[in-house]
Amino acid sequence: MSIAIPWDSFDLIVFDMDGTLYDQPPLRRRMAALLAREAIRQRSLSVMRTLAAFRRQREAMANAVTNDFAVAQYRLPGHSPDAVRATVIDWMEQRPLAMLREYRTPGAGTLFTRLARNHAIAIFSDYAAQAKLAALGLSARYCVTAEDVGRLKPDPAGLLWLMEQAKTTPQRTLMIGDRDERDGEAARRAGVRALIRGRDFRHFDDPIFRHAS
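Residue numbers (our numbering): 1 to 213.
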């Protein structure tokens, strides 16, 4: 039995990006294959190790308050921050773009079109999102990332900023994500209702979205 969502009671619909608007596991498998080929070509695991260390660093920073987040996330022992940043941009932001559309969550395009008629659509992501949004063939009125607010989820700073921009309240905001411990918790801290992919729905053409407009 699907959850009944009073869509007309919301002004702002906020989407997470990675794992919500596209299927992350198959994309990661393809990227892992590309990384393996790169390691063979270079006869080095340096890129793989750098990306793994960066992901661990970001996860560790999720519950920490860091004044210089945009710089601190790239500080890895034995690495130049500039080199880490270049590797992350190349392998995590740029190279996946050409593959994203293939893994777009079913129903996303139709849902965005319908919601845009009566709602402000926003993206709240821990990672860079604008280029991914374009690659997915989607558009949003607002977009905020961890670098913009200097905080990772579950800190609700980005969600609070979006509500301020949209001039709305927590009661009239809906968060849609894929990780309850990140997206769901950020929503709870902000007093916002949340839908979690894998728990409340699988795809955007599920019955829960039938009356979204």
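Every residue, glycine too, gets a C-beta built ideally from N, C-alpha and C. Bear in mind the structure is a predicted one, so any value in this text is a computation, not a measurement.
Item: Where A194 falls: helix, strand or coil (DSSP); Value: strand
Item: F201 in three-state terms, based on DSSP; Value: strand
Item: Chain-order list of residues whose beta-carbon lies under 6 Å from that of Q24 (same chain, five-residue window excluded); Value: D18
Item: Rounded separation between P207 and R58 - CA only; Value: 35 Å
Item: Helix, strand or coil at M175 [DSSP, three-state]; Value: strand
Item: Contact check, T105 vs F10, beta carbons under 8 Å; Value: no
Item: DSSP state of V149 mapped onto helix, strand, coil; Value: helix
Item: Those residues which DSSP pairs with Y142 across a bridge; Value: A122
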